[in-house]
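Take a look at the structure set out below.
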Amino acid sequence: MRQPAYDEESGFGRLLKGHQWSWTVVLLAINVLVFVVECALSSRPWSLSPDNAFFTNYLALSLDGLKHGYVWQLVTYQFMHAGLLHIFFNGWAIYVFGRILEDVLGGRNFLFITLSSGIVGGLFQVAVAAVWPDFDGPVVGASAGAFGLVAAFATLFPERVLTMLIYFVIPLRMRAKTLLVVSAAIAVGGLLFAGLFDRLMGGHVANAAHLGGMAMGVLYVRKIILGRWLRSQNLAYRHQPGFTPAPVMEPAPPKFWRAKPVVSPAELSADDLLKTQVDPILDKISAHGLQSLTAREREILELASGKLAKR
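Shown next as structure tokens:
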């Protein structure tokens, strides 16, 4: 997947130049290191399909493990993988979406979204296993966290066009919000038609974990990034010397001989407000950081978070 209009000087580029650490790359390095250790301690290291019994029983996530009090499995399972393709695709998704979210939201928010999406996804998976034993069994992989990043990106930049390469050959373009809907639909389909999906995928897929990760990514962006977090930032901004609250920005009247009525952002629906007002502001945050916002732009984000909370 390729995400256009991204500043290559950030993320991995900054790490190579030594300007600052990229938590996205650090997280990927930890995943690779754990996978190498898993393979090295397996009965057939050359197969690149870890089968270490200790890792499976104590570090992979399972309903039985949580019943025994192994709560750390909600974190450790996220760094384990079943094979080379498994870690490759999860790592690729984390790299594509993680580096952008880290630049926009900061390393702390990036790590929280990734790990909390993995934890919530794991809870979703064991909850489904508790109701339907057919879904029970050890779960490994960073896919719940990866889908949390996809959901967070789609919530922040719903209209951004992404280019996906199916089998690394066939290009497919879709908006971020469409990718999120398709991903959720596939996960639901995987739960409803588990046997068929498992045969197509060549193994068991933790679709409930994917759904939980996506739910957490959307929830965090809507309630924290566009909610309390931005309000606290605006509160700090208001205490700066010389600051005077600005009215909500209104578009300038059109320069036609017949003037059209001016629509205030407060009168727009949540979807129209996101499309016409919030998306350009989020693009500005992506390019220049949160500190570049004007008082009026902060007011619009405040308004948008209030409308989203009522949906």
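First residue of the sequence shown? That's 5 in the numbering used here, and the numbers climb one at a time after it. Virtual Cβ for every residue (Gly too), placed ideally from N, Cα, C.
Output yes or no for whether 8 Å exceeds the beta carbon distance between residue i and residue j.
i	j	result
Ile289	Val108	yes
Ala97	Val186	no
Ser66	Asp55	no
Met84	Phe101	no
Val124	Gly216	yes
Thr28	Tyr99	yes
Arg164	Arg177	no
Leu166	Leu183	yes
Let's test the definition: count the other Cβ atoms within 10 Å of the Cβ of residue i and tell me whether it reaches 16, buried, or not, exposed.
i	result
Ile117	buried
Ser51	exposed
Arg262	Residue placement at Arg262 is flagged as unreliable, the pLDDT there being 41, under the threshold of 50; the coordinate-derived value follows with that caveat. Burial call: exposed.
Asp11	Interpretation of Asp11 is limited by its pLDDT of 42, a score under 50 that renders its predicted location unreliable; no figure is taken from the coordinates.
Thr280	exposed
Ile34	exposed
Ser26	buried
His23	Per-residue confidence for His23 stands at a pLDDT of 45, beneath the threshold of 50, marking its modelled position as unreliable; the derived number appears in the next sentence. Exposed: under 16 other Cβ atoms inside 10 Å.
Gly73	exposed
Pro162	buried
Ser121	buried
Leu63	buried
Pro284	exposed
Pro249	Bear in mind that a pLDDT of 43 at Pro249, under 50, signals an unreliable position, so the model cannot answer this.
Ile174	exposed
Val225	buried
Pro49	exposed
Ala189	exposed
Ala308	buried
Ala57	exposed
Ala191	buried
Ala134	exposed
Ile104	buried
So residue i is in the alpha helix (DSSP H); what residue range does that whole segment cover?
i	result
Leu75	As written in the sequence, residue 75 is Val, which differs from the Leu given in the question. First-last for Val75: undefined, no H or E at that position.
Asn211	Asn211 to Tyr224
Lys181	Ala180 to Leu196
Arg48	Arg48 -> no alpha helix (DSSP H), and no H or E assigned at all.
Asp90	According to the sequence provided, residue 90 is His. The question's Asp does not apply to it. Taken as a continuous stretch (DSSP letters only), the alpha helix (DSSP H) holding His90 covers Leu88 to Leu109.
Ala64	Looking at the DSSP string, Ala64 is not in any alpha helix (DSSP H), and its letter there is neither H nor E.
Thr28	Trp27 to Ala44
In terms of alpha-carbon separation, which member of the options lies closest to residue i?
i	options	result
Val30	Thr280, Ala131 and Leu115	Leu115
Ala213	Val79, Glu42, Val38 and Cys43	Val79
Ile229	Thr159, Pro137 and Phe197	Thr159
Ser53	Tyr81, Gln77 and Leu89	Leu89
Ile194	Gln129, Arg300 and Val165	Here the sequence assigns Gly to residue 194, which means Ile is not the residue at that position. Nearest C-alpha to Gly194: Gln129.
Phe151	Lys181, Cys43, Ala189 and Met218	Met218
Phe157	Asp140, Asn113 and Tyr81	Asn113
Ala131	Met168, Ala210, Ala198 and Ala308	Ala210
Phe92	Leu32, Lys181 and Ala180	Leu32
His208	Asp140, Arg226 and Ile174	Asp140
Val75	Ala44, Val38 and Asn61	Asn61
Ala44	Trp136, Gly87 and Gln77	Gly87
Ala148	Arg300, Met168, Val222 and Ala299	Val222
Leu352	Leu70, Asp68, Gly69 and Gly95	Past the edges of the chain, shown from 5 to 315, lies residue 352, and the structure says nothing about it.
Pro137	Asp68, Leu119 and Ala191	Asp68
Glu306	Arg103, Val282 and Asp287	Val282
Leu119	Pro142, Met220, Arg302 and Ala299	Met220
Gly126	Gly110, Val192, Arg103 and Ala146	Ala146
Leu70	Gly111, Gly110, Pro142 and Val41	Pro142
Does the beta carbon of residue i come closer than 8 Å to any beta carbon on chain B?
i	result
Gly102	The structure shown has no chain B; it contains just one protein chain.
For residue i, verify whether its CB is less than 7 Å away from any heavy atom of the ligand ZN.
i	result
Phe93	No copy of the ligand ZN occurs in the structure displayed, which carries no ligand at all.
Unbroken alpha helix (DSSP H) runs of length 4 or more, entirely within the stretch 127–175: which are they?
-> 147–160
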